[in-house]
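Peer 1: Sharing a structure below in structure tokens format, with a few things to ask.
Protein chains: 2
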Amino acid sequence: MSGTLFLMPNTLDFGIADAEVSLHAVLPLEVIHTAARITHWAAENAKTTRAFLKRVDAITPLSQALQSLQIAELPRPPKGGATPKDGAGQQQAWKALLAPLRQGHDMGLISEAGLPAIADPGAMLVAAAHAEGLRVQALSGPSSLLMALGASGLNGQSFAFVGYLPIEATERAKRIRELEALSAKQQQTQLMIETPYRNEALLQALLANLRPQTQLSVSCALSLPQGWTRTASVAQWRASPTTMPDKLPAVFSLLG
Amino acid sequence: MSGTLFLMPNTLDFGIADAEVSLHAVLPLEVIHTAARITHWAAENAKTTRAFLKRVDAITPLSQALQSLQIAELPRPPKGGATPKDGAGQQQAWKALLAPLRQGHDMGLISEAGLPAIADPGAMLVAAAHAEGLRVQALSGPSSLLMALGASGLNGQSFAFVGYLPIEATERAKRIRELEALSAKQQQTQLMIETPYRNEALLQALLANLRPQTQLSVSCALSLPQGWTRTASVAQWRASPTTMPDKLPAVFSLLG
């Protein structure tokens, strides 16, 4: 009998110095137990997966020594981002990663932060599992996107996550106005992310290009003690600026 | 000093007979502890909130007797769905609910299932809190939408949740084709939900109106022992049908 591919959530403190949260703040106890018993992993990054499993081990001893676990890294996505519709060659590489499932082992898919297969290349592995009829099971854990959406107070009955915006200024401005128009027309909250050191630049671009009455929400360092969410109109943000930290992850949301 | 509005996740077994999951399967231990100490609640439904708090109490004794807790129900949303842009009268009703925060109490916002303020009217309360500069903090917990998205293997780098589809057949068919075209153009996964007894009707409408090569994923009863996710092309779904249960919640996703 084939194993199950478990989608294992990770914490949201990736890359943040001096601010490790307890696993108990973000992961359910049974999810921690599942992490402790899984012996085969597919990971965005093997090193951070080992760090995660050390934290698991401190709560529930791992079923095998950390060094004896199999941790395979996901193939690097093609430039421009991977989608489940990439070519057949790429599909073969993902398929090969699923060998432990066919041998009857359960596997864990894990990313560097939050839920795997969301805002990361892991969806390709899940798609490969479905193509073979293998069982996939998502586990409960922190999603910075949905925590930010809830904390924003913007429309949670219709929303979209659009990933990163273009970096080039003219294209970025155009994309911001396009998202604002779409949001206003559909009353659909638009969520986006940015590399932390560019947080301030993204905030400035949003404030420069959005209309004064558009609602803008920023959530920073969610699940951490220093975490915060601010929601206000663009006019209010301009009148009373907030400086973005350059080393903390943030989620930006707007409703036109 | 004002209190904090905590967004308290609920389990995903609302209304499902004989299938209560352990809180430990979906909620982090520290979140359960937070639920046990909060004395003022704003709830989609007071009765189900009391049932939730009884489950919390069995793990961590509540700081006060259940009967002495303040549980206020959210105002019913106006027909057609509430958004944070509703009129001033409506805003006053929401503002009144926040009185405990101004008095220095922490408050919990909770819905009947999953994360509050997402796919439910709670966002109005969060918006009212921001309007007064009150602190809002989202907690980690299960989101059937993002668990379904992850388990689907469809694009998790760009996705939208569009709520319910129209019920009338012609409008529904039109909306399905519109979402498929949008999804194909943007490579954006489109997620939707339905009232459980209409799950089969929605699946049939999707299979009747989508193109054969479009990918369709259905996740049912997520976080429960009988939970499952199936992702396949519309052609494959048609060739090998799955009958939808009529009493279990489901999330439908498509990628054109």
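From first to last, the protein sequence lines stand for chains A and B.
Numbered according to the working numbering, the first sequence spans residues 1 to 256.
Numbered according to the working numbering, the second sequence spans residues 1001 to 1256.
No residue lacks a Cβ here, since even glycine has one placed at the ideal position from N, Cα and C.
Quick caveat, the model's predicted, so the values are computed rather than measured.
1. Rounded to a whole number of angstroms, what is the C-alpha to C-alpha distance between Glu178(A) and Ala1017(B)?
2. Spell out whether any CB of chain B is found under 7 Å from the CB atom of Thr229(A).
3. Counting only runs that start and end within the region 1007–1087 of chain B, where is the alpha helix (DSSP H) found for 4 or more residues in a row?
4. Kindly indicate which three-state DSSP category Leu1210(B) falls into: helix, strand or coil?
5. Any C-beta of chain B sitting closer than 7 Å to the C-beta of Pro225(A)?
6. Excluding the five sequence neighbours on either side, which residues of its own chain have a C-beta within less than 7 Å of the C-beta of Gly3(A), listed in chain order?
7. Quick check: Glu73(A) and Ala43(A), are their CB atoms within less than 7 Å of each other?
8. In this structure, how does DSSP classify Thr243(A) when only helix, strand and coil are distinguished?
9. Do we get a CB-CB distance below 7 Å when we pair Met1008(B) with the residues of chain A?
10. Compare the C-beta of Glu20(A) with all C-beta atoms of chain B and state if any pair is closer than 7 Å.
11. Does the CB of His288(A) have a neighbour CB from chain B at under 7 Å?
12. Can you tell me whether Asp1246(B) is buried or exposed? The criterion is at least 16 other CB atoms within 10 Å of its CB, across all chains shown.
13. Can you give me, in chain order, the residues of the region 1025–1039 of chain B that have a beta carbon less than 7 Å from any beta carbon in chain A?
14. With burial defined as no fewer than 16 other Cβ atoms inside 10 Å of the residue's Cβ, what is the status of Thr243(A): buried or exposed?
15. Judging by CA-CA distance, which residue of Asn1045(B), Val1026(B), Pro1225(B), Arg1211(B) is the nearest neighbour of Pro1121(B)?
16. In terms of residue numbering, what span does the beta strand (DSSP E) encompassing Thr1195(B) cover?
17. Out of Leu1005(B), Met1001(B), Phe1006(B), Asn1010(B), which has the shortest C-alpha to C-alpha gap to Ser1143(B)?
18. For Trp1228(B), which residues does DSSP report across the bridge?
19. Across which residues does DSSP place Leu1191(B) in a beta bridge pair?
20. Measuring alpha carbon to alpha carbon, tell me which of Leu1248(B), Ala1205(B), Asn1155(B), Pro1225(B) ends up nearest Trp1237(B).
21. Quick check: is the beta carbon of Leu212(A) nearer than 7 Å to any beta carbon in chain B?
22. Thinking just about the alpha-carbon of each residue, which of Ser1183(B), Ala1131(B), Phe1159(B) is nearest to the one in Gln1213(B)?
23. In chain B, which residues lie with their C-beta within 7 Å of the C-beta of Pro116(A)?
24. Using the beta-carbon count (16 or more within 10 Å), is Glu1180(B) buried or exposed?
25. Here's the rule: buried if 16 or more other CB atoms are within 10 angstroms of the residue's CB, otherwise exposed. What is Gln190(A)?
26. When the Cα atoms are used, what is the spatial distance from Met124(A) to Ala1131(B)?
27. At what residues does the beta strand (DSSP E) containing Leu1109(B) begin and finish?
28. How long is the line joining the alpha carbons of Val1136(B) and Leu1005(B), rounded to whole angstroms?
29. Looking at the unbroken beta strand (DSSP E) that takes in Ala1138(B), where does it start and where does it end?
30. Contact criterion: CB-CB distance below 7 Å. Does Gly153(A) meet it with respect to chain B?
31. Against Gly1108(B), what residues of chain A qualify as contacts under a CB-to-CB distance less than 8 Å, listed in chain order?
32. Under 7 Å between C-beta atoms, does Ser1233(B) make it to chain A?
33. For Ile1193(B), count neighbouring Cβ atoms within 10 angstroms of its own Cβ and tell me buried if that reaches 16, exposed if not.
34. Taking a cut of 8 Å between CB atoms, which residues from the region 1155–1167 of chain B lie near chain A?
35. By a C-beta neighbour count over all protein chains shown, 10 Å radius and 16 as the cutoff for buried, is Leu66(A) buried or exposed?
36. Can you confirm whether Ala138(A), when its beta carbon is compared against all beta carbons of chain B, has any partner nearer than 7 Å?
Peer 2: Looking at the coordinates:
1. Rounded to whole angstroms, Glu178(A) and Ala1017(B) show a C-alpha spacing of 45 Å.
2. So yes, Thr229(A) belongs to the interface.
3. 1023–1026, 1029–1037, 1046–1059
4. coil
5. Chain B, which has no Cβ nearer than 7 Å to the Cβ of Pro225(A), makes this no.
6. Pro100, Leu101, Gly104, His105, Asp106, Met107
7. yes
8. coil
9. no
10. No - not a single Cβ of chain B is within 7 Å of the one on Glu20(A).
11. Given a span of 1 to 256 for chain A in the structure shown, any question on residue 288(A) remains unanswerable.
12. exposed
13. Residues passing the 7 Å Cβ filter: Ala1025, Val1026, Leu1027, Pro1028, Leu1029, Glu1030.
14. Within a 10 Å sphere around the beta-carbon of Thr243(A) sit fewer than 16 other beta-carbons, which makes this residue exposed.
15. Nearest of Asn1045(B), Val1026(B), Pro1225(B), Arg1211(B) to Pro1121(B), Cα basis: Asn1045(B).
16. No beta strand (DSSP E) holds Thr1195(B); DSSP gives it neither H nor E.
17. Checking every option, the nearest Cα to that of Ser1143(B) belongs to Asn1010(B).
18. The partner list for Trp1228(B) (beta bridge, DSSP) reads Cys1220(B).
19. Bridge partners of Leu1191(B): Phe1161(B), Ser1253(B).
20. Ranking Leu1248(B), Ala1205(B), Asn1155(B), Pro1225(B) by Cα distance to Trp1237(B) puts Ala1205(B) first.
21. Correcting the residue type first, residue 212(A) is Pro in the shown sequence and not Leu. Not closer than 7 Å to any Cβ of chain B, the Cβ of Pro212(A) fails to qualify, so no.
22. If we check each option's Cα against that of Gln1213(B), Ser1183(B) comes out closest.
23. Ordered by position in chain B, the residues that pass the 7 Å Cβ test against Pro116(A) are Gly1150.
24. buried
25. buried
26. Taking the Cα positions, Met124(A) is about 41 Å away from Ala1131(B).
27. 1107–1110
28. 5 Å
29. Per DSSP, Ala1138(B) belongs to the beta strand (DSSP E) from 1135–1138.
30. yes
31. None at all; the shortest Cβ gap to chain A is about 13 Å.
32. The C-beta of Ser1233(B) comes no closer than 7 Å to any C-beta of chain A.
33. buried
34. Asn1155, Gly1156, Gln1157, Ser1158, Phe1159, Ala1160, Phe1161, Val1162, Gly1163
35. exposed
36. yes
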